[in-house]
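Have a look at the structure below before the remarks.
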Amino acid sequence: MKKPILFATLVLVLFSCQNETTELISPDTNSIAHRGCATEEVLAEQLASDPTLAIRMNEIEAFTQKAQFYSSRLVNGKIVIPVVVNVLYNTNAENISDTQIQSQIDVLNQDFTASNSDFNKIPDEFALVAANVDITFELVNIIRKSTSKKSWGTRDAMKKSKQGGIDPTSPATTLNLWSCNIGGGILGYAQFPGGAAATDGVVIDSDYFGLSSTSSYPYNLGRTASHEVGHWMNLRHIWGDASCGNDLVADTPIAKTANFGVPNYPYISTCGTDNHAEMTMNYMDYTDDRGMYMFTNGQKSRMSALFVSGGVRSGFRN
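Read in order, the letters of the sequence shown correspond to residues 9 to 326 in our numbering.
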């Protein structure tokens, strides 16, 4: 079982391991060789520019460690997350359809309620900890904006109207998703709880938003958003962004590093003297879309702790 670690220690790990989440790009094309998100790099930059962010995240972590033990009693009913999708497009292909946007909402609803069709693939070893997170998502608005900008990067310009983007809608009570061409082979990135309200939300490259075309294979099943929304709900990568690192969740086996493709089960890892099968099918790994299909009870508790009274996302309680 993993031992809790202080967030301050995790911050040091982030600064020392920023390159571990970098996308691998083919030298002569923009095709993506391996999954990767820019969430940890963005966090490292935010920590460097705002010394108070580490304090806020330490407070959230301390609250989470306490609240996750009673978060199953968090509301009378279910958590329903209103979603606004902000579409920034330079080409017709980037102006993704309403149908494609709704398909992403459908995927999120399936993945966060354990109703995804591949949930039954979970190995018996992990079946007892596989979770129905019991959080659902409701599309409330789509905002579209044509732009001359060909790529947006990861400095949050797409979230700022003064920089040609779209300001978030009511971030204290609404999950904002931005669809745009991020560039650099980046699939997406999220902002962890504790960051500025003006940049809160999740960015997904338009090629990988929802059920996209086969040209986006193997990232065409909407799981990039499932991974990034996991970050938005305070989940870390399964390997803790360090060799045999700590993701602050007790029921996810320690992972040596990120996994790619679709590893055959059991994929045996060695961390110290411990040999065990890794949970490569967890949404917070770096496997292909078809290779990830579960959250755990520990991850559910960690996410749910955000929504209890006093939690940083308590404004979303229905």
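Where is the CB? At the ideal position from N, CA and C, for every residue including glycine.
Collapsed DSSP secondary structure at residue i in the structure displayed
{"i": "Asp297", "result": "helix"}
{"i": "Ile33", "result": "Low confidence applies to Ile33: its pLDDT is 33, below 50, so where it sits in the model is not reliable, and the reading given next is rough at best. If DSSP states are grouped into helix, strand and coil, Ile33 belongs with the strands."}
{"i": "Arg152", "result": "strand"}
{"i": "Ile276", "result": "strand"}
{"i": "Met289", "result": "coil"}
{"i": "Val211", "result": "strand"}
{"i": "His245", "result": "coil"}
{"i": "Glu102", "result": "coil"}
{"i": "Phe145", "result": "strand"}
{"i": "Asp259", "result": "coil"}
{"i": "Ala266", "result": "coil"}
{"i": "Ala138", "result": "strand"}
{"i": "Asn228", "result": "coil"}
{"i": "Asn117", "result": "helix"}
Residue span of the beta strand (DSSP E) that contains residue i, given as start and end
{"i": "Val93", "result": "87-97"}
{"i": "Gly196", "result": "196-198"}
Alpha-carbon spacing of residue i relative to residue j, whole angstroms
{"i": "Thr232", "j": "Asp296", "result": "9 Å"}
{"i": "Ile262", "j": "Ala75", "result": "23 Å"}
{"i": "Arg64", "j": "Gly193", "result": "31 Å"}
{"i": "Asp175", "j": "Ser309", "result": "31 Å"}
{"i": "Ser234", "j": "Gly173", "result": "23 Å"}
{"i": "Ser80", "j": "Asn100", "result": "Any answer about Ser80 is weak, because its pLDDT of 46 lies below 50 and its placement is not dependable; what the coordinates show is given next. Cα to Cα, the separation comes out at about 44 Å."}
{"i": "Leu243", "j": "Leu229", "result": "20 Å"}
{"i": "Val257", "j": "Ser156", "result": "43 Å"}
{"i": "Ala205", "j": "Asn272", "result": "41 Å"}
{"i": "Glu102", "j": "Asp215", "result": "7 Å"}
{"i": "Phe217", "j": "Ser187", "result": "7 Å"}
{"i": "Thr107", "j": "Val316", "result": "33 Å"}
{"i": "Ser111", "j": "Ile104", "result": "11 Å"}
{"i": "Val210", "j": "Val115", "result": "15 Å"}
Sequence-distant residues of its chain with Cβ nearer than 6 Å to residue i (five each side left out)
{"i": "Thr304", "result": "Val137, Ala139, Asp259, Thr260"}
{"i": "Pro90", "result": "Glu146, Val148, Thr182"}
{"i": "Val93", "result": "Ile109, Ile150, Leu185"}
{"i": "Ala165", "result": "Gln171, Gly173"}
{"i": "Asn124", "result": "Gln118, Tyr301"}
{"i": "Ile143", "result": "Ile87, Phe120"}
{"i": "Cys279", "result": "Cys252, Ile262, Lys264"}
{"i": "Gly299", "result": "Val270"}
{"i": "Ala122", "result": "Asn140"}
Residues of its chain near residue i, where Cβ-Cβ distance is below 8 Å and the 5 sequence neighbours each way are ignored
{"i": "Val320", "result": "Ile68, Phe71, Pro201, Gly202, Leu314"}
{"i": "Phe127", "result": "Ala138, Tyr301, Met302"}
Unbroken alpha helix (DSSP H) run spanning residue i, endpoints
{"i": "Ala70", "result": "59-75"}
{"i": "Ser187", "result": "Premise fails: Ser187 lies in the beta strand (DSSP E), 183-188, not in any alpha helix (DSSP H)."}
{"i": "Ile40", "result": "It is not in any alpha helix (DSSP H) - Ile40 instead sits in the beta strand (DSSP E) that spans 40-42."}
{"i": "Gly306", "result": "305-312"}
{"i": "Ser234", "result": "231-240"}
{"i": "Ala135", "result": "132-135"}
Beta-carbon proximity list for residue i, same chain, < 7 Å, skipping 5 on both sides
{"i": "Lys158", "result": "Asn98, Asn189"}
{"i": "Gly323", "result": "Ala180, Thr181"}
{"i": "Ile246", "result": "Asp255, Thr260, Ala263, Met287, Asn290, Met292, Asp293"}
{"i": "Lys168", "result": "Asp175"}
Distance between beta carbons of residue j and residue i, contact taken as under 8 Å
{"i": "Tyr291", "j": "Met302", "result": "7 Å"}
{"i": "Trp240", "j": "Gln199", "result": "7 Å"}
{"i": "Asn283", "j": "Ile276", "result": "6 Å"}
{"i": "Ala46", "j": "Thr162", "result": "4 Å"}
{"i": "Arg43", "j": "Tyr225", "result": "Not quite, the Cβ-Cβ distance comes to about 12 Å (not below 8 Å), so this is no contact."}
{"i": "Leu195", "j": "Asp213", "result": "6 Å"}
{"i": "Leu96", "j": "Lys153", "result": "5 Å"}
{"i": "Met287", "j": "Phe134", "result": "6 Å"}
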